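Worksheet for the structure shown next.
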Ligand SMILES: NC(=O)c1ccc[n+]([C@@H]2O[C@H](COP(=O)([O-])OP(=O)(O)OC[C@H]3O[C@@H](n4cnc5c(N)ncnc54)[C@H](O)[C@@H]3O)[C@@H](O)[C@H]2O)c1
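Numbering (the numbering used here), first residue to last: 379 to 759.
Here it is in structure tokens:
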């Protein structure tokens, strides 16, 4: 039996995945309205899946999910996945409460996007049974799950967690318990460098979005994507990653995005973000200059490549898992290490060193592993 704490966007999605995979699921929330909403939404979603013949019986799957407002219902669970508000103190106290109710063998996982699994585990009497299982939104559709052992986690749990995620139809990758794990770390320059290019006046947002989709092959441009994710989520992740990396300038947030948040221009959901989504608003036209587009695309992609190479250098994940994470977690058109191989490590290094020489900012420092591969003319994948 699987227990899920929090019946919001992620908790309800994770409950659906587990129930479709055949588990009995207890979905718990302290907010009755949230539980009711989750029940209605799950019922509607499962019916749609039945109509599309993706599942045989919505009733059967829904029958496996019970909705609980009392944590005691978790007593028979073998795995608990927490997906509540992103606040360390609240998560710690919930893990504390749960630990008393469940059996000593029960595994406790957190779906946190940006908090340290190690610090959540430290709140438990038995921290060795705590790990991270980071799903992506929407959980039933996004294949990637980052499996994150804390430094206290019993290592034997990791292969079992990988196997379980495979059984749930997911694509697991193993990530070190470092800020942003894989995806939320490596993807930072997609947003940050795009904003920097706009702030410097090299190109406007529509042109940058055009370059990244048309030339780079990304599904969405950075500004459209930030508006879609919402600046309340995207900016906060950037700020948390920046602070957690002891203020490494590579992850520095931007004032342009902070101002949007302060204005309540949260993106698509509030009708306005970088773009205006209100009826009758004009859509800005990109400057479709091939040379400018190539320059923008190369600058952002090379910054992404540098992040991926540095994550490899610091053993955040294996090369294969880094490639899987960026293609399945954020749908990049290809793995960043493969991209580096195609352009060659020398060309990537030249671009980065060019940026560094121009700005003299630590933000543009090349990973020493990229320099090594450039000198030795080696490939990553
Ligand atoms: N939304 C995303 O894109 C996304 C992606 C990956 C991971 N996450 C992570 O998943 C977690 C949940 O995110 P979300 O977007 O589903 O949030 P959400 O706000 O949609 O849902 C959170 C739910 O938790 C409930 N809750 C709050 N405190 C509780 C408590 N003490 N006990 C029980 N229930 C409680 C709330 O009532 C709410 O229903 C966060 O840690 C977030 O960082 C979010």
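Beta carbons: idealized from backbone N, C-alpha and C, even for Gly.
Keep in mind it's a predicted model, so treat the numbers as computed, not measured.
Got a sec? Which residues, its chain only, sit under 6 angstroms from residue 583 by beta carbon, not counting five neighbours each side? Translated into positions along the chain shown, residue 583 becomes position 205. If we look at residue 583 and ignore the five residues flanking it on each side, its Cβ neighbours are 576, 601 and 652.
Can residue 525 be considered in contact with ligand 1, in the sense that its beta carbon sits closer than 7 angstroms to one or more heavy atoms? Numbered from its first residue, the chain shown carries residue 525 at position 147. No.
Please state whether DSSP places residue 510 in a helix, a strand or coil. Position 132 of the chain shown, counting from 1, holds the residue named residue 510. Three-state DSSP puts residue 510 in a strand.
Nearest-angstrom Cα separation, counted from residue 395 out to residue 433: Within the chain shown, numbered from 1, the residue matching residue 433 stands at position 55. Within the chain shown, numbered from 1, the residue matching residue 395 stands at position 17. Roughly 12 angstroms between the two C-alpha positions.
Under 6 angstroms Cβ to Cβ from residue 556, same chain only, skipping five residues before and after it: list those, please. As a working mapping, residue 556 is identified with position 178 in the chain shown. Hits under 6 angstroms: 694.
Contact belief for residue 479 with residue 506 at Cβ below 8 angstroms, rounded distance in angstroms: Numbered from its first residue, the chain shown carries residue 479 at position 101. Numbered from its first residue, the chain shown carries residue 506 at position 128. Incorrect: roughly 18 angstroms between the Cβ atoms, too far for contact.
Examine ligand 1 and report whether any of its heavy atoms sits within less than 7 angstroms of the Cβ of residue 528. Here residue 528 is taken as the residue at index 150 of the chain shown, counted from 1. For ligand 1, not one heavy atom lies less than 7 angstroms from the Cβ of residue 528.
For residue 443, the first and last residue of its enclosing beta strand (DSSP E): Here residue 443 refers to the residue found at position 65 of the chain shown. It spans 443–446 - the beta strand (DSSP E) in which residue 443 sits, taken as one unbroken run.
If you measure from the CB of residue 364, is any heavy atom of ligand 1 nearer than 7 angstroms? There is no way to answer for residue 364, as the model of the chain reaches only from 379 to 759.
Checking 8 angstroms against the spacing of the C-beta atoms, do residue 691 and residue 622 come in under that value? In the chain shown, residue 691 corresponds to position 313, counting from 1. In the chain shown, residue 622 corresponds to position 244, counting from 1. Contact flag unset, no.
Cα-Cα separation, residue 688 to residue 748: Here residue 688 refers to the residue found at position 310 when the chain shown is read from its first residue. Here residue 748 refers to the residue found at position 370 when the chain shown is read from its first residue. Taking the straight line joining both Cα atoms gives about 8 angstroms.
Local conformation of residue 540 per DSSP, three classes: Within the chain shown, residue 540 is the residue found at index 162, counting from 1. Correct three-state label for residue 540: helix.
Separation of residue 729 from residue 723, as counted between CA atoms: Within the chain shown, numbered from 1, the residue matching residue 723 stands at position 345. Within the chain shown, numbered from 1, the residue matching residue 729 stands at position 351. Each residue's Cα considered, the two are about 10 angstroms apart.
By Cβ distance, which residues of its chain are closer than 8 angstroms to residue 477, with the 5 residues on each side in sequence left out? The count along the chain shown starts at 1 and reaches residue 477 at position 99. So the list reads 486, 502, 503 and 504, once near-sequence residues are dropped.
On a Cα-Cα basis, can you pick out the residue from 568, 468 and 607 that is closest to residue 589? The residue you call residue 589 lines up with position 211 of the chain shown. Residue 568 is the option with its Cα nearest to residue 589.
Can you give me the C-alpha to C-alpha distance between residue 470 and residue 498, rounded to a whole angstrom? In the chain shown, residue 470 corresponds to position 92, counting from 1. In the chain shown, residue 498 corresponds to position 120, counting from 1. Their backbone Cα atoms lie some 5 angstroms apart in a straight line.
For residue 578 versus residue 553, is the C-beta spacing smaller than 8 angstroms? Locating residue 578 in the chain shown gives position 200, where the first residue counts as 1. Locating residue 553 in the chain shown gives position 175, where the first residue counts as 1. No, they are not a contact pair.
Compare the beta carbon distance of residue 461 and residue 560 with 8 angstroms and say whether it is the shorter of the two. The residue given as residue 461 occupies position 83 in the chain shown. The residue given as residue 560 occupies position 182 in the chain shown. Not a contact, by the Cβ cut-off of 8 angstroms.
Just checking residue 489 against ligand 1 - is the residue's beta carbon closer than 7 angstroms to any of the ligand's heavy atoms? Here the question's residue 489 lines up with position 111 in the chain shown. Yes; taking the cut-off as 7 angstroms, the Cβ of residue 489 has a heavy atom of ligand 1 nearer than that.
Reference residue 741; option with closest CA among 458, 620 and 627: The residue given as residue 741 occupies position 363 in the chain shown. The residue with the shortest Cα to Cα distance from residue 741 is 627.
Which residue wins for smallest C-alpha separation from residue 703, given the options 731, 643, 558 and 572? Counting from 1 along the chain shown, the entry for residue 703 is found at position 325. Of 731, 643, 558 and 572, the residue nearest in Cα terms is 558.
Candidates 670, 586 and 381: closest to residue 484 by CA position: Counting from 1 along the chain shown, the entry for residue 484 is found at position 106. Checking every option, the nearest Cα to that of residue 484 belongs to 381.
In its own chain, which residues sit with a C-beta less than 8 angstroms from the C-beta of residue 401, not counting the 5 before and 5 after it? The sequence position of residue 401 within the chain shown is 23, counting from 1. Excluding residues within five positions, the ones whose Cβ falls inside 8 angstroms are 379, 380 and 442.
Between residue 568 and ligand 1, is there a pair consisting of the residue's CB and a ligand heavy atom that are separated by less than 7 angstroms? Stepping through the chain shown from its first residue, residue 568 is reached at position 190. Relative to ligand 1, residue 568 has its C-beta separated by 7 angstroms or more from all heavy atoms.
CB of residue 494 to nearest heavy atom of ligand 1: below 7 angstroms? As a first step, residue 494 is located in the chain shown; it is residue number 116 there, counting from the start. Distances between the C-beta of residue 494 and the heavy atoms of ligand 1 are all 7 angstroms or more.
Assess contact between the stretch 642–649 and the stretch 607–616, defined as three or more Cβ pairs (one per stretch) separated by less than 8 angstroms. Is contact present? yes
Can you determine whether any heavy atom of ligand 1 sits closer than 7 angstroms to the C-beta of residue 385, and answer yes or no? Indexing the chain shown from 1 puts residue 385 at position 7. Residue 385: yes, Cβ under 7 angstroms from ligand 1.
For residue 404, the first and last residue of its enclosing beta strand (DSSP E): The residue labelled residue 404 in the question sits at position 26 within the chain shown. Looking at the DSSP string, the run of the beta strand (DSSP E) that includes residue 404 is 403–406.
Please find out if some non-hydrogen atom of ligand 1 comes closer than 7 angstroms to the beta-carbon of residue 446. In the chain shown, the residue the question calls residue 446 occupies position 68. Not under cutoff, so the answer is no.
Please classify residue 468: is it buried, with 16 or more other beta-carbons within 10 angstroms of its beta-carbon, or exposed? What you label residue 468 is simply residue 90 of the chain shown in a count that begins at 1. Label assigned to residue 468: exposed.
Heavy atom of ligand 1 within 7 angstroms of residue 609 beta-carbon: Stepping through the chain shown from its first residue, residue 609 is reached at position 231. In this structure, residue 609 has its beta carbon at no less than 7 angstroms from each heavy atom of ligand 1.
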